[in-house]
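Worksheet: the structure to be examined is printed underneath.
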């Protein structure tokens, strides 16, 4: 009936509608991630961390064998077993399918042949 009243009603309707759409959008943005909590994480860095740990343990084994008169070190082997347990016991059904590592038989600078076992476990 009155154009000013229709314009006022239109403004209130637009405000109510936009408020509800905004609240629904915020609710969806906050609620959607809850549906994927039980799935794999977005970034699983465990394989990268295990690779770095195994490399560091191999280097540590090499350094220890070079500094002492021992002929073998089980540090890398223990780390590989620990990694295998981590992936066997975990809830995720994935695992590293291949482990490329350094050779188990190593010749030190002084000519000694030493062993760093661990690669043959996988």
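In our numbering, the protein residues as written are 41 to 162.
Cβ atoms here follow ideal geometry from the backbone N, Cα and C, with glycine treated the same way.
Nearest CA to the CA of residue i: which residue from the options?
i: residue 12; options: 43, 114, 69, 62; result: Since the displayed the chain opens at 41 and closes at 162, residue 12 lies outside it and no answer follows.
i: residue 98; options: 112, 48, 72; result: 112
Is the Cβ-Cβ distance between residue i and residue j less than 8 Å?
i: residue 148; j: residue 105; result: yes
i: residue 122; j: residue 161; result: no
i: residue 103; j: residue 158; result: no
i: residue 101; j: residue 156; result: yes
Helix, strand or coil, according to DSSP, for residue i in the structure here?
i: residue 153; result: strand
i: residue 108; result: coil
i: residue 59; result: helix
i: residue 125; result: helix
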